[in-house]
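Just so you know, the protein sequences line up as chains A, B, C, D, E and F, in that order.
Per our numbering, the first sequence starts with residue 1, numbered consecutively.
Per our numbering, the second sequence starts with residue 1001, numbered consecutively.
Per our numbering, the third sequence starts with residue 2001, numbered consecutively.
Per our numbering, the fourth sequence starts with residue 3001, numbered consecutively.
Per our numbering, the fifth sequence starts with residue 4001, numbered consecutively.
Per our numbering, the sixth sequence starts with residue 5001, numbered consecutively.
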Amino acid sequence: MTKRLLFVVRALPYKTEASRLALTHAIASQSVEIYLADGDLVEASIAFIGDGVLNCHKNQQAMKQYGITPIEGHLKNSLLLDMKVLICKEDLDNYGLTEADLLMDADDIGGEVKAQIVPYSEIMKEMESVDHLLFC
Amino acid sequence: MTKRLLFVVRALPYKTEASRLALTHAIASQSVEIYLADGDLVEASIAFIGDGVLNCHKNQQAMKQYGITPIEGHLKNSLLLDMKVLICKEDLDNYGLTEADLLMDADDIGGEVKAQIVPYSEIMKEMESVDHLLFC
Amino acid sequence: MGKLTIGCFSSLVGSLSLDFAVKLSEAAVKKGHKVDFWLSGNATMLSKAGQKAFKDYSHLEKTVKELLTTGNFQITACEACAEARGYHKEDTLEGCKRHSMDWYLASTFDADRVLHMGGD
Amino acid sequence: MGKLTIGCFSSLVGSLSLDFAVKLSEAAVKKGHKVDFWLSGNATMLSKAGQKAFKDYSHLEKTVKELLTTGNFQITACEACAEARGYHKEDTLEGCKRHSMDWYLASTFDADRVLHMGGD
Amino acid sequence: MKLGIIMSDFRTGSDIIDRLSTEKPGVILVGNGVYHATTKEGGKSSPLLDKPLTFYALTEDLESRGYTAENLDARVKAVTYDDVVDQIFSDYEKIIWI
Amino acid sequence: MKLGIIMSDFRTGSDIIDRLSTEKPGVILVGNGVYHATTKEGGKSSPLLDKPLTFYALTEDLESRGYTAENLDARVKAVTYDDVVDQIFSDYEKIIWI
Chain A
1 MTKRLLFVVR
11 ALPYKTEASR
21 LALTHAIASQ
31 SVEIYLADGD
41 LVEASIAFIG
51 DGVLNCHKNQ
61 QAMKQYGITP
71 IEGHLKNSLL
81 LDMKVLICKE
91 DLDNYGLTEA
101 DLLMDADDIG
111 GEVKAQIVPY
121 SEIMKEMESV
131 DHLLFC
Chain B
1001 MTKRLLFVVR
1011 ALPYKTEASR
1021 LALTHAIASQ
1031 SVEIYLADGD
1041 LVEASIAFIG
1051 DGVLNCHKNQ
1061 QAMKQYGITP
1071 IEGHLKNSLL
1081 LDMKVLICKE
1091 DLDNYGLTEA
1101 DLLMDADDIG
1111 GEVKAQIVPY
1121 SEIMKEMESV
1131 DHLLFC
Chain C
2001 MGKLTIGCFS
2011 SLVGSLSLDF
2021 AVKLSEAAVK
2031 KGHKVDFWLS
2041 GNATMLSKAG
2051 QKAFKDYSHL
2061 EKTVKELLTT
2071 GNFQITACEA
2081 CAEARGYHKE
2091 DTLEGCKRHS
2101 MDWYLASTFD
2111 ADRVLHMGGD
Chain D
3001 MGKLTIGCFS
3011 SLVGSLSLDF
3021 AVKLSEAAVK
3031 KGHKVDFWLS
3041 GNATMLSKAG
3051 QKAFKDYSHL
3061 EKTVKELLTT
3071 GNFQITACEA
3081 CAEARGYHKE
3091 DTLEGCKRHS
3101 MDWYLASTFD
3111 ADRVLHMGGD
Chain E
4001 MKLGIIMSDF
4011 RTGSDIIDRL
4021 STEKPGVILV
4031 GNGVYHATTK
4041 EGGKSSPLLD
4051 KPLTFYALTE
4061 DLESRGYTAE
4071 NLDARVKAVT
4081 YDDVVDQIFS
4091 DYEKIIWI
Chain F
5001 MKLGIIMSDF
5011 RTGSDIIDRL
5021 STEKPGVILV
5031 GNGVYHATTK
5041 EGGKSSPLLD
5051 KPLTFYALTE
5061 DLESRGYTAE
5071 NLDARVKAVT
5081 YDDVVDQIFS
5091 DYEKIIWI
């Protein structure tokens, strides 16, 4: 059996650890089998809405400036691990941001999955369909 | 010489420690002489503005419910120690709060000073006249 | 009777969010439910042993210890979050476990409800 | 050359507010100013020795230690705030002092500027 | 889905509630969220309460802030931790904390 | 008084700036405050920038969030930690953090 979780990120980056921890915990779903019976799984996906979409901005120089991994780095790891990443189109439009402004893939480290810019209605459907919602 | 500080509390109570720490630090001005030369003093006063005025609501049952000193308790201590406590009238009016809703004195523990409900312009004058401003 | 998994993340000591989570656990366990409690981010502060009880600060150790004796309550802190804050294994509150983040994810597998307190 | 007193209160480890205060101190000391740095509330987390450096987390210990060697930088943690979080004297970062809150107030006496980071 | 929203703040979070287009969600006001139920600004109660939702406020958090169930807006019902546990398991399929 | 305001947030704090009726204050945007200088909503820049103040944004915090000085609204000047130190001691009599 597979249980499905959706992490919904509304928080801005850096001011708190919220968005970073959402990503690192979502990624941890990949190693959950050691605790579960054979065939059981927990599958996590991630949606960015509202101010949360600003976490996806590319070229974050947090390592250069503060010596810490940028949120973008965790996002890239989640794509490398084939996780579903949804970014709300209406919120991007509100900020005037397009795909060109965002970290959309992990191509340079061998990832195959891309982040998906989707209408909010798609994210709402995902919220309906998963077993548990994890907001921040 | 006396240096004057004004703690300006805009934060709501409890969600963070901000207003509690503003009060406890202001109160600590009373024992500052041990660090200073004879005759030198640091004098702190406290102003509540915006959402911060809600810290002054009376009958806070935080001890009964959570085992922690209510913000009101620190406020009472500051009045007992004759500190100047200013509460913004316009902000109280906005919330429909009056003196009857607030912790205004420390009479029951022998205090002589009362909190003062003053127009914002008075608080602004206090901000102008002190040496340093300490916001939260 | 059900199982509730609570994840408390960046909640400040000094806010009452951690207190909320502990009191909610207490009420749930009293009604016969099971509670798994995950501490991550700044909430790992709750897992630090030797916190002195001051009346100005929440002191949740006693309630947590009582909950642990019921057998229907588990509490686990994120190991990396704790180490990053200088809390080592020997500093951990008695009865509080330390694991990597997948413990939390695994706990949600058979949880009836998940309360994720992911912000402040 | 002047003196800057910085009070950092509830700033989260994991936010970059503490990092801001430390970097500002560094820039000020480099320019020949003196800095007194007061840690209270959750900011006392910075005074905890033995924090493991992970790339996901700020690690300010190195900069603080370098600043201490200049002789123009003092850092002091609120003793009660530290004890309430289970940080005892022997857990304190080398060179970081512990005092009661009046230390901070006294430091403002001859400060040219005070930067009070009283919230998050 | 039946959604239970635990709302812990006064100044943030109302925006997302509008976007959660589910069956009439329940909103449990806790922490500084209780000010939505006790506090008027300029004589007006919180716009949050005008939304078509079912509202509850945690008694323990009301009292910590100097209020009682009597101070509550008529659209909000006082609940205890015990009630919140029952709601979590019986009234909602998913719970979020904002 | 000459007041320097260090503004560290995007969603809170603008209200108090209106109330600080001092000589033209300087506002240094740091942390998530830098979004005021880089981010438009619905095509409009932050209303904060319409206030009669002098604005600066901390380069280190811009870059951490994926922006550069080129992304700044024309009313905002990029500064470094070094500049902020000089401003604190030379341009303002009092400093607040909001």
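Beta carbons are placed, not taken as given, at the ideal position from N, Cα and C, and that holds for glycine.
For glutamate 3094/D, the three-state DSSP class (helix, strand or coil): coil
Closer than 8 Å, Cβ to any Cβ of chain B: which residues of the region 4034–4045 of chain E, in chain order? Tyr4035, Thr4039, Lys4040, Glu4041, Gly4042 and Gly4043
Do you know how far the Cα of glycine 3032/D is from the Cα of phenylalanine 4010/E? 44 Å
State the CB to CB distance for the pair cysteine 3008/D and serine 3015/D, rounded to an integer number of angstroms; the pair is presumed to be in contact (CB under 8 Å). Not quite, the Cβ-Cβ distance comes to about 11 Å (not below 8 Å), so this is no contact.
My output table needs one value for tyrosine 4056/E: the three-state DSSP class, helix, strand or coil. strand
DSSP on threonine 3005/D, reduced to helix/strand/coil? strand
Going by beta-carbon coordinates alone, are leucine 134/A and valine 2114/C separated by less than 8 Å? yes
Would you mind telling me which residues of chain E sit closer than 7 Å to phenylalanine 2073/C, beta carbon to beta carbon, in chain order? Near phenylalanine 2073/C there are no residues of chain E at all, since even the closest Cβ is about 13 Å away, more than 7 Å.
Would you say asparagine 1077/B lies against chain E (beta-carbon separation less than 8 Å)? no
If you count every other CB in all the chains shown that lies within 10 Å of the CB of glutamate 4060/E, and 16 or more means buried, which is it? buried
Check threonine 1024/B in the structure and name its three-state DSSP category. helix
Quick one: give me the first and last residue of the alpha helix (DSSP H) that arginine 5019/F is part of. 5014–5019
Proximal residues to valine 5027/F (C-beta, below 6 Å), its chain only, five neighbours per side dropped: Only Ile5005, Met5007, Leu5053 and Phe5055 meet the Cβ criterion.
Anything in the region 2001–2013 of chain C with a Cβ closer than 7 Å to a Cβ of chain B? List those residues in chain order, please. Leu2012
Can you round the beta-carbon distance between leucine 5/A and aspartate 131/A to whole angstroms, since I take them to be within the 8 Å contact cut? 7 Å
Assumed close pair alanine 3027/D, tyrosine 5067/F - CB separation to whole angstroms, cut-off 8 Å: Not really, about 21 Å apart at Cβ, beyond 8 Å.
Between the CA atoms of serine 129/A and valine 85/A - distance to the nearest angstrom: 15 Å
Where does isoleucine 141/A land, buried or exposed, given buried means 16+ other C-beta within 10 angstroms? In the structure as shown, chain A starts at 1 and stops at 136, and residue 141/A therefore has no counterpart that could be examined.
Does any residue of chain C bring its CB to less than 8 Å from the CB of aspartate 4073/E? no
Exposure label - methionine 83/A; buried when at least 16 CB within 10 Å: buried
Alpha-carbon spacing of aspartate 5073/F relative to threonine 5038/F, whole angstroms: Taking C-alpha positions only, aspartate 5073/F is separated from threonine 5038/F by approximately 6 Å.
Which residues, in chain order, does the region 1005–1024 of chain B contribute to contact with chain C at a C-beta distance below 9 Å? Tyr1014, Lys1015, Thr1016, Glu1017, Ala1018, Arg1020, Leu1021 and Thr1024
Report the rounded CA-to-CA distance for leucine 4020/E versus asparagine 3072/D, giving the unit in angstroms. 54 Å
Any Cβ of chain F within less than 8 Å of the Cβ of leucine 54/A? yes
Aspartate 4086/E to alanine 2049/C, Cα distance in whole Å? 32 Å
If you measure beta-carbon to beta-carbon, which residues of the region 5009–5024 of chain F are closer than 8 Å to chain A? Asp5009, Phe5010 and Arg5011
Rounded separation between glutamate 2083/C and serine 4090/E - CA only: 38 Å
Near-chain C residues of the region 3031–3059 of chain D (beta-carbon distance less than 7 Å), N- to C-terminal order: Gly3041, Asn3042, Met3045, Lys3048, Ala3049, Gly3050, Gln3051, Lys3052, Phe3054 and Tyr3057
DSSP three-state call for cysteine 2081/C: helix, strand or coil? helix
Start and end of the alpha helix (DSSP H) containing lysine 2052/C? No alpha helix (DSSP H) contains lysine 2052/C, which DSSP labels as neither H nor E.
Quick check on the DSSP output: the alpha helix (DSSP H) that includes lysine 5024/F runs from which residue to which? Lysine 5024/F -> not in any alpha helix (DSSP H); beta strand (DSSP E) instead, spanning 5023–5029.
For glutamine 61/A, which of Pro13/A, Glu126/A, Met124/A and Leu41/A has the nearest alpha-carbon? Pro13/A
If we count Cβ pairs, one from each stretch, closer than 8 Å, do we get three or more for the region 27–40 of chain A versus the region 2094–2106 of chain C? Taking one beta carbon from each stretch, the region 27–40 of chain A and the region 2094–2106 of chain C have 3 or more pairs nearer than 8 Å; the two touch.
Alpha helix (DSSP H) segment containing isoleucine 5006/F, residue limits: Careful: isoleucine 5006/F lies outside any alpha helix (DSSP H), inside the beta strand (DSSP E) at 5002–5007.
Cβ pair leucine 5058/F, valine 5034/F closer than 8 Å: yes
Element boundaries [beta strand (DSSP E), containing histidine 3088/D]: Careful: histidine 3088/D lies outside any beta strand (DSSP E) and carries neither H nor E.
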